[in-house]
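For what it's worth, our numbering labels the leading residue of the first sequence as 44, then goes sequentially. Note that the Cβ used here is the ideal one computed from N, Cα and C, for glycine as well. All values derive from a computational prediction rather than experimental measurement.
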Amino acid sequence: MADIKNNPYLAHMHDAMDEGAAYNNGSTSTKGTNSAFDALVPGKTTAAQQEAAEEALHNGLTGRSFSQKYKDILAKRRELPVNKQRQNFLDLIHNNQFVVLVGETGSGKTTQIPQYVVLDMLPQIEGKIIACTQPRRVAAMSVAQRVAEELDVKLGQEVGYSIRFEECTSSKTVLKYCTDGMLLREAMSDNMLSRYSAIILDEAHERTLNTDILMSLMKNIASKRRDIKVVVMSATLDSEKFQKYFNDAPLLTVPGRTFPVEIYYTPEPERDYLESAIKTALQIHATEPEGDILIFLTGEEEIEEACRLLRARGDDIIRSANCGPLLIVPLYSTLPPNMQQKIFEKAPEPRTKGGAPGRKIVVSTNVAETSLTIDGIVYVIDPGFSKQKVYNPRVRVESLLVSPISRAAAQQRAGRAGRTRPGKCFRLYTEKSYNNDLIEQTYPEILRSNLGSIVLQLKKLGINDLVHLDLMDPCAPEVLMRALELLHYLGALDDDANLTPIGHAISEFPIDPQLAKMIISAVEYGCTNEVLSIAAMLSVPNVFLRPREAQRAADMAKAEFAHMDGDHMTLLNVYHSYKSSSEPSQWCWDNFLQYRSLKSADNIREQLRRVAVKNNIPLLSNNFSSPEYYPKIRKALTAGYFMQVAHLERNGQYLTVKDNQIVLLHPSSVLERKPEWVIYNEFVLTKRHYIRTATEIKPEWLLEIAAHYYELSNFPPCEGKRILEKIALRNAIVQDEQERKKRKKEKKDKESKEGKEGKDKEKKEKKEKKDKKERKEKKERKEKKEKK
DNA sequence: GAGCACTGC
44 MADIKNNPYL AHMHDAMDEG AAYNNGSTST KGTNSAFDAL VPGKTTAAQQ
94 EAAEEALHNG LTGRSFSQKY KDILAKRREL PVNKQRQNFL DLIHNNQFVV
144 LVGETGSGKT TQIPQYVVLD MLPQIEGKII ACTQPRRVAA MSVAQRVAEE
194 LDVKLGQEVG YSIRFEECTS SKTVLKYCTD GMLLREAMSD NMLSRYSAII
244 LDEAHERTLN TDILMSLMKN IASKRRDIKV VVMSATLDSE KFQKYFNDAP
294 LLTVPGRTFP VEIYYTPEPE RDYLESAIKT ALQIHATEPE GDILIFLTGE
344 EEIEEACRLL RARGDDIIRS ANCGPLLIVP LYSTLPPNMQ QKIFEKAPEP
394 RTKGGAPGRK IVVSTNVAET SLTIDGIVYV IDPGFSKQKV YNPRVRVESL
444 LVSPISRAAA QQRAGRAGRT RPGKCFRLYT EKSYNNDLIE QTYPEILRSN
494 LGSIVLQLKK LGINDLVHLD LMDPCAPEVL MRALELLHYL GALDDDANLT
544 PIGHAISEFP IDPQLAKMII SAVEYGCTNE VLSIAAMLSV PNVFLRPREA
594 QRAADMAKAE FAHMDGDHMT LLNVYHSYKS SSEPSQWCWD NFLQYRSLKS
644 ADNIREQLRR VAVKNNIPLL SNNFSSPEYY PKIRKALTAG YFMQVAHLER
694 NGQYLTVKDN QIVLLHPSSV LERKPEWVIY NEFVLTKRHY IRTATEIKPE
744 WLLEIAAHYY ELSNFPPCEG KRILEKIALR NAIVQDEQER KKRKKEKKDK
794 ESKEGKEGKD KEKKEKKEKK DKKERKEKKE RKEKKEKK
């Protein structure tokens with residue numbers, strides 16, 4: 044205590060200690076010289092007390108004295124806008140179960156709020172810990188790293204993170220950053236999230252599928268656990284919706300710290316946004332002061348095209364208008380990491396000393412909207428489009444569609460220009476269009492997705508009444524119905540929509556339900572090892588590369604792996620070859636394969652293998668030289684994908700079974716010979732309808748493996764149906780015949796058995812008679828003898 | 001004869 048009193052730097056620590064003593068009901072806590080936390084009473088701290096604890100001589104979490112680095116960071120933390128609101132925040136959290144917090148970029152909410160909650164709830168004393176969720180893995184990881192530094196602890200000890208494939212926590216952990224999907228998984232085995240005293244949901248405005256489910260779950264849990272606190276953090280001004288959803292929760296608004304961005308609209312609508320974007324970029328280069336440019340486009344092809352045009356025309360204006368040199372960099376997620384690094388390179392130097400400055404132009408997809416931040420961007424060009432996922436429940440297909448962005452997304456894009464200094468945003472649409480045509484918010488993902496996997500998870504979470512599920516935006520009944528239907532056909536739900544043992548097993552796997560069903564069914568066919576590999580390969584982005592300049596070479600490389608049964612077996616070949624290569628990265632390069640995808644497939648396979656072992660699913664392989672080796676694998680695939688079958692009609696077109704959609708085999712398929720029956724993994728909707736990743740099957744397998752689905756009476760008419768009907772009829776006849784034969788044989792057996800028994804009896808009786816007679820005669824002879 | 005916006009368990 045004396046130390047603190049003598050230290051002018053800790054002026055208000057003194058008061059805090061006294062207050063703490065008062066809360067402790069007068070009990071002496073003078074050993075509090077070592078831990079400033081002694082002054083804190085769980086659930087009743089003040090901002091002053093918290094600040095005092097942060098300025099104490101020793102770290103309340105570790106008992107160690109604070110490092111100089113800690114003190115330096117602390118000074119900066121005090122400057123964050125959110126720190127000015129600490130007392131307000133504490134007041135709200137003390138008096139409410141839910142708090143909604145809106146904080147713009149740079150407010151410090153993600154790093155500071157969880158720390159305030161830790162100091163307030165003192166998880167190390169209370170035994171329950173605090174979680175803060177993020178939609179993305181990298182964010183969870185990097186924020187945890189930062190907060191560990193801020194609290195002067197080692198990452199993975201008192202502060203940790205938990206993401207797929209990486210658990211970086213310990214028994215000491217009091218604050219855990221995790222992806223929202225990870226927390227959802229955890230809830231599946233601990234429905235009340237009983238380990239936690241507070242959950243902080245960050246980036247809630249992004250409305251990812253998992254965040255939406257988690258919000259609903261927290262609402263449910265909070266109504267049953269009065270002790271848990273929930274903080275929902277968001278970046279939008281659409282806070283009323285969040286407040287209302289969380290039972291009229293109070294709102295705290297924290298200003299951000301960004302620079303102003305001037306917005307420019309086009310006076311007239313642009314017909315060709317690509318052309319217009321390029322023109323605008325070159326015009327900025329020719330007329331605006333130094334500063335890098337970010338252009339938002341929709342996809343890889345468009346971006347590469349734009350880069351080509353920019354390079355060509357850039358050279359022209361550099362010559363004619365005496366502009367500085369340009370560095371043009373594409374950016375999209377499937378770009379190899381070393382190419383992605385280029386976005387962080389500096390703009391080129393002027394060609395001559397004192398000449399016009401160079402400029403960097405980044406041409407990017409949505410990655411640059413949320414996931415990646417590029418420093419030095421001053422100008423943003425926003426054509427107003429992005430590719431968005433849409434789900435059509437009628438044909439059960441998710442597809443990507445180029446669509447206008449929302450006003451919220453447009454604001455987000457503009458904001459990217461003001462991170463380091465005041466910037467400008469050029470919108471390639473009219474102001475009128477912005478106000479009238481763009482929707483306010485992007486539709487939440489839950490309204491645009493296939494919910495098969497999510498519905499299963501909800502069932503596992505103990506939520507049975509899905510129709511009345513309390514979601515911020517309720518999903519369409521038809522989408523829900525499709526999900527239930529799928530799970531029912533897979534055998535995951537019974538007739539009353541309750542989870543079956545198979546459903547429990549499927550839900551353990553962090554993959555599509557069909558893939559999980561495939562793995563579980565593989566036990567029956569003795570090929571779980573191979574099916575685990577295929578499932579992993581199907582869960583990662585396409586492994587086959589096909590660079591524009593080397594298409595033929597790439598196709599030839601792929602042909603080396605081709606398997607005549609189809610694309611699934613081809614993937615299996617690739618995986619096996621990958622595993623046996625000595626230098627995987629070089630090997631991938633040589634074979635036109637995406638190393639990143641294969642590495643990830645290997646990771647996923649290992650995870651799936653662990654889940655399988657945990658659920659007593661044996662790891663089996665058939666004898667490779669057996670002729671049944673591949674057919675058995677294909678049967679296991681069919682057990683998962685019997686709802687995605689296409690039949691080649693006599694006119695040479697494939698028709699999907701039951702939905703009767705005309706589809707083409709994707710040109711990337713190895714199945715050039717067009718087998719009559721195929722299962723497919725994916726339905727791709729572009730200019731035409733394609734089925735991608737297909738494997739040949741036998742129609743009789745469908746009736747054998749999925750008899751409940753192939754109840755042909757409710758199928759619409761088509762050739763495939765007629766063939767299946769014939770097979771079913773033949774099966775029925777064969778079965779009848781077999782049964783008739785069986786009955787006949789049984790009868791015969793019975794008769795002959797009876798006959799035999801009869802004869803035996805006769806024989807026995809005869810023998811007995813004979814014996815008796817003999818005995819009698821013997822006896823008589825004996826008696827005669829004796830009489831003599 | 002063609003694509004894979006972006007996350008995530």
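### Message
Counting C-beta neighbours from all protein chains within 10 Å, is the total for Gly75 16 or more, i.e. buried, or is it exposed?
### Response
Since pLDDT at Gly75 reaches only 39, below the 50 mark, its modelled position is unreliable, and the value read off the structure follows with that caveat. Classification of Gly75: buried, given that the 10 Å Cβ count is 16 or more.
### Message
Assuming Ser442 is part of the beta strand (DSSP E), what are its boundary residues?
### Response
440 to 447
### Query
Around the C-beta of Glu817, are 16 or more other C-beta atoms found within 10 angstroms, so that it is buried, or is it exposed?
exposed
### Task
Determine, using beta-carbon pairs with one atom in the stretch 237 to 245 and one in the stretch 99 to 119, whether at least three such pairs fall under 8 Å.
Taking a contact to require three or more Cβ pairs closer than 8 Å, the stretch 237 to 245 and the stretch 99 to 119 do not qualify as touching.
### Query
How would you call Lys467, buried or exposed, if buried means at least 16 neighbouring beta carbons within 10 angstroms?
buried
### Query
Taking DSSP as the reference, what is the three-state secondary structure of Lys432?
strand
### Query
How would you call Val510, buried or exposed, if buried means at least 16 neighbouring beta carbons within 10 angstroms?
It is exposed - the Cβ of Val510 has fewer than 16 other Cβ atoms within 10 Å.
### Query
CB-CB under 6 Å to Leu636, same chain, minus the five flanking residues each way: which ones, in chain order?
Val586
### Task
Would you be able to state if there are at least three C-beta pairs under 8 Å between the stretch 83 to 103 and the stretch 174 to 189?
With contact defined as three or more Cβ pairs closer than 8 Å, the stretch 174 to 189 and the stretch 83 to 103 are not in contact.
### Query
So, Gln455 versus Glu412, is the Cβ gap smaller than 7 Å?
yes
### Message
What would DSSP say about Asn77, mapped onto helix, strand or coil?
### Response
Bear in mind that a pLDDT of 45 at Asn77, under 50, signals an unreliable position, so the model cannot answer this.
#### Entry: Inter-residue spacing [alpha-carbon to alpha-carbon] between Ser27 and Ser259
The first residue shown for the chain is 44 and the last is 831, placing residue 27 beyond what the model contains.
### Query
In three-state DSSP terms, what is Ser564?
helix
### Query
What residue from Ile676, Lys717, Arg677 has the CA that sits closest to Asn694's CA?
Lys717
### Query
Under the rule that 16 or more other beta-carbon atoms within 10 Å means buried, what is Thr71, buried or exposed?
Any answer about Thr71 is weak, because its pLDDT of 36 lies below 50 and its placement is not dependable; what the coordinates show is given next. Result: exposed.
### Task
Output the distance between the C-alpha atoms of Gln140 and Asp516, rounded to the nearest integer angstrom.
22 Å
### Query
Residues in its own chain within less than 7 Å of Thr377 by CB, not counting five upstream and five downstream?
Glu343, Pro584
### Message
Tell me which residue opens and which closes the beta strand (DSSP E) that Ile722 is part of.
### Response
720 to 728
### Query
Can you tell me the Cα-Cα spacing of His690 and Ala230, whole angstroms?
42 Å
### Per-residue DSSP class, three states only, for Glu626
coil
### Integer Cβ distance of Phe132 from Leu295, believed to fall under 8 Å
6 Å
### Task
Just mark His709 as buried or exposed, buried being the case when its beta carbon has 16 or more other beta carbons within 10 Å.
That one is buried.
### Given Glu201 as reference, the closest of Arg228, Gly170, Lys503 once Cα atoms are compared
Gly170
### Query
Given that a residue counts as buried once 16 or more other Cβ atoms are within 10 Å of its Cβ, and exposed if not, what is Thr395?
Its Cβ having fewer than 16 others within 10 Å, Thr395 is exposed.
### Task
Round the Cβ separation of Val372 and Ile386 to the nearest angstrom and send it over; I've been treating them as touching at under 8 Å.
5 Å
### Message
Is it buried or exposed, Gln128, if we count other Cβ atoms within 10 angstroms and call 16 or more buried?
### Response
buried
### Query
Where does Val579 land, buried or exposed, given buried means 16+ other C-beta within 10 angstroms?
Inspection of the sequence shows that residue 579 is occupied by Ala rather than by Val. So Ala579 counts as buried.
#### Entry: Residue(s) in a DSSP beta bridge with His101
Ser108
### Message
Quick check: the Cα distance between Pro380 and Arg356, rounded to an integer number of angstroms?
### Response
If you take the alpha carbons of Pro380 and Arg356, they lie about 27 Å apart.
### Query
To which residues does DSSP link Asp335 through a beta bridge?
Ile420, per the DSSP bridge assignment.
### Task
Can you give me the Cβ contacts of Val304 inside the same chain, cut-off strictly under 8 Å, excluding the 5 residues immediately before and after it?
The beta carbon of Val304 lies closer than 8 Å to those of Val423, Ala457, Gly458, Ala460, Gly461, Pro465, Gly466, Lys467, Cys468 in the same chain, with the five residues before and after it left out.
### Query
Whose C-beta lies closer than 7 Å to the C-beta of Arg677 among residues of the same chain, with five residues either side of it excluded?
Asp608, Thr738, Ile740
### Query
Leu257 and Leu218: beta carbons closer than 7 Å?
For Leu257 and Leu218, no; Cβs fall outside 7 Å.
### Query
How many Å lie between Glu333 and Cys631 at the Cα?
41 Å
### Message
Once DSSP output is grouped into helix, strand and coil, what is the label at Glu122?
### Response
helix
### Message
Relative to the C-alpha of Val700, which candidate in Arg765, Ser711, Asn658 has its C-alpha closest?
### Response
Ranking the options by Cα distance to Val700, first place goes to Arg765.
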